[in-house]
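Below is one structure; the comments refer to it alone.
Numbering (our numbering), first residue to last: 53 to 540.
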C-alpha cells in the first residue's frame with residue numbers, strides 16, 4: 053500500500069530519532085568544549101581550595117596532602133608546583149611540575165606574558181588562559197597570606213581533542229543507532245500495524261457480505277477493542293441480513309403459498325364436486341323412488357332408506373376428512389409437540405378397533421410391549437395410525453394378518469410400521485398414493501366407503517412435524533410406515 057500506516061509510522065519515528073541525534077550532536081559540537089573547560093576550571097578551584105586549606109592548617113608537608121594532589125593531577129591531567137615563603141619546594145607533580153618553577157617566579161616578580169587572558173581574579177589567586185608557542189593552557193597561580201606560592205595548569209588542547217573525540221564517537225554511535233533503530237522501528241511498526249491491516253481486510257470482506265473472518269487479539273489496547281467491536285458489528289450485520297433474507301424468503305413463500313392456495317381451492321372444488329356427484333345422485337335417486345312409491349313393501353322402503361343413510365354417512369366422513377386436510381395444508385392447525393407413549397396409543401386404538409377386525413376375521417399382531425416414548429402431536433399421530441390401520445383392515449387378504457411393529461433407529465427416531473397381508477400395490481401407483489382423491493381400485497374403495505383422502509392427511513401431518521413416511525411392497529402384502537422423534 054502506497055500510503056500505509058506502517059511506512060508513515062516508521063518514517064515519523066526514524067525522522068524524530070534522527071532529528072534528536074543530530075540535535076544532540078550539534079549541541080555537543082558547540083558546547084562540549086566549553087563544558088569541559090568549565091569542568092576543568094572547577095577542578096582547578098578545588099585544587100586551589102585544597103592547597104589553601106593545607107596552608108592554613110600547616111599540613112602541606114604531609115603525605116596525605118601530597119597524595120591528594122597526586123590524585124588530582126593524574127585524574128584531571130593537571131600540573132602543580134607549590135613552594136613556601138622561603139622559595140623552598142613543597143610539592144611538584146610528576147607530570148612536569150618543576151618546569152613551572154620559573155613561570156611562578158616570574159609571576160611573583162610581576163613578569164606577565166602578553167599572551168595571557170585573565171578569566172578570574174581573587175585576593176590571592178589569578179585564573180587565566182595563556183598561550184605558549186602553539187599550546188594553550190588554563191592556569192591558576194597565587195601567593196597565600198601564609199607565604200605559600202603555587203601554580204597549576206592544564207592544557208586546553210587536550211580538552212579540545214577530548215571534545216572532538218567525543219563528538220566523533222557520538223556521530224558514529226548516532227549513525228549506527230539510527231540504522232539499528234530504523235530496522236527495529238520497521239519491525240515493531242509491523243506488529244502495531246498488522247492488526248490494523250487485518251481489520252481492513254475484515255472490513256473489505258464485510259463489504260462483500262462475507263462475515264466469516266473474525267479479529268483475534270491477545271491484548272486489551274485500543275486496536276483490540278476496535279477489533280472486538282468490529283466482530284460484534286459483523287455478527288450484528290450477519291444476523292440482520294439473515295433476518296432480512298428470512299423475511300424476504302417468507303414473503304416469497306407467502307406469495308407462492310397464495311398462488312398455491314388459489315390452485316388448491318380450484319382443485320378442491322373440482323375434486324369435491326366429482327366425489328360428491330355419485331353419492332348425491334344415489335341419494336336423489338332413492339329419495340325420488342321413495343317419493344314416487346317405486347317399492348311399496350316395507351323391506352324395499354327400508355332398503356332405500358339404508359342406502360340414503362349410508363351415502364349420507366360416507367359424504368359426512370369425506371367432508372370431515374376434507375376439512376381436516378384443508379386445515380393441515382393451509383397451516384391453520386397448530387402442531388403441539390408433547391412427550392407420550394406411542395406403544396400405549398397403538399394398544400388403545402387396536403383395542404378399540406377389535407370388534408371391526410374380529411368381524412372381518414383379521415388377526416392383529418403387535419410386536420412391541422414395552423413403553424416407547426416419542427416427541428410429536430399425539431392427536432395427529434393417532435390420526436396417522438388410524439388411517440394406516442383402517443387401510444390395512446380394508447385391504448387385508450390372504451392370511452388375514454395385520455402386523456404392527458415399532459423400531460428404534462440410530463438417528464434418534466422411532467419407526468412405526470403397519471403391515472397387512474394381501475395384494476401388492478402396482479408400482480406405477482406408489483408415487484400417487486399420497487395425492488388427494490387418488491384410488492388404486494375405485495370399485496373396491498367405493499365398496500368400503502373410502503374417500504381417497506386418508507393418505508393425503510398422513511402426508512400433511514408428517515410434513516407438519518418434519519418427519520418421514522412411506523410405503524413398501526412385499527411378496528405377501530404391503531407395509532406402510534412413519535417416523536417420530538424418540539424421547540428416551
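From the three backbone atoms N, C-alpha and C, an ideal C-beta is built for every residue, glycine too. Nothing here was measured: the structure is a model prediction, and the numbers come from that model.
In terms of residues, what are the limits of the alpha helix (DSSP H) holding residue i?
i, result
"residue 454", "Unbroken run through residue 454 is the beta strand (DSSP E), 453-461; no alpha helix (DSSP H)."
"residue 411", "406-411"
"residue 121", "115-128"
Name the DSSP bridge partner or partners of residue i?
i, result
"residue 207", "189"
"residue 344", "DSSP lists no partner for residue 344."
"residue 526", "529"
"residue 141", "135"
"residue 169", "181"
"residue 427", "391, 537"
"residue 415", "453"
"residue 195", "201"
Could you check whether residue j and residue i sit closer than 8 Å to each other, using their CB atoms as the reference points?
i, j, result
"residue 461", "residue 425", "no"
"residue 510", "residue 521", "yes"
"residue 428", "residue 536", "yes"
"residue 533", "residue 468", "yes"
"residue 513", "residue 435", "yes"
"residue 437", "residue 407", "no"
"residue 133", "residue 150", "yes"
"residue 450", "residue 473", "yes"
"residue 203", "residue 161", "no"
"residue 107", "residue 201", "no"
"residue 26", "residue 170", "No information on residue 26 is available, as it lies outside the stretch 53 to 540 that the chain covers here."
"residue 245", "residue 130", "no"
"residue 477", "residue 445", "no"
"residue 165", "residue 154", "no"
"residue 62", "residue 294", "no"
"residue 226", "residue 77", "yes"
"residue 208", "residue 89", "yes"
"residue 124", "residue 168", "no"
"residue 335", "residue 364", "yes"
"residue 578", "residue 466", "There is no way to answer for residue 578, as the model of the chain reaches only from 53 to 540."
"residue 258", "residue 289", "yes"
"residue 490", "residue 441", "no"
"residue 261", "residue 279", "no"
"residue 415", "residue 452", "yes"
"residue 112", "residue 142", "yes"
Quick check on residue i: does DSSP put it in helix, strand or coil?
i, result
"residue 468", "strand"
"residue 89", "helix"
"residue 421", "coil"
"residue 158", "helix"
"residue 536", "strand"
"residue 95", "helix"
"residue 390", "strand"
"residue 232", "helix"
"residue 513", "helix"
"residue 496", "For residue 496, the pLDDT reaches just 45, beneath the cut-off of 50, and the residue's location in the model is therefore unreliable, although a value from the coordinates is still provided. In the structure shown, residue 496 sits in a helix (DSSP, three-state: H, G or I)."
"residue 70", "helix"
"residue 473", "strand"
"residue 224", "helix"
"residue 164", "coil"
"residue 449", "coil"
"residue 202", "strand"
"residue 269", "coil"
"residue 521", "strand"
"residue 111", "coil"
"residue 305", "helix"
"residue 438", "helix"
"residue 478", "coil"
"residue 358", "helix"
"residue 285", "helix"
Residue i lies in the beta strand (DSSP E); which residues open and close that run?
i, result
"residue 179", "178-184"
Is residue i near the ligand ADP - that is, is its Cβ less than 7 Å away from at least one heavy atom of it?
i, result
"residue 166", "For the ligand ADP, the structure offers nothing, since it holds no ligand at all."
Determine contact between the segment 84-103 and the segment 187-204, defined as no fewer than three beta-carbon pairs at a distance below 8 Å. yes
Should the segment 255-267 be called in touch with the segment 276-285, which here means at least 3 C-beta pairs below 8 Å? yes
Any contact of the segment 77-95 with the segment 205-219, i.e. 3+ C-beta pairs under 8 Å? yes
Determine contact between the segment 226-240 and the segment 67-80, defined as no fewer than three beta-carbon pairs at a distance below 8 Å. yes
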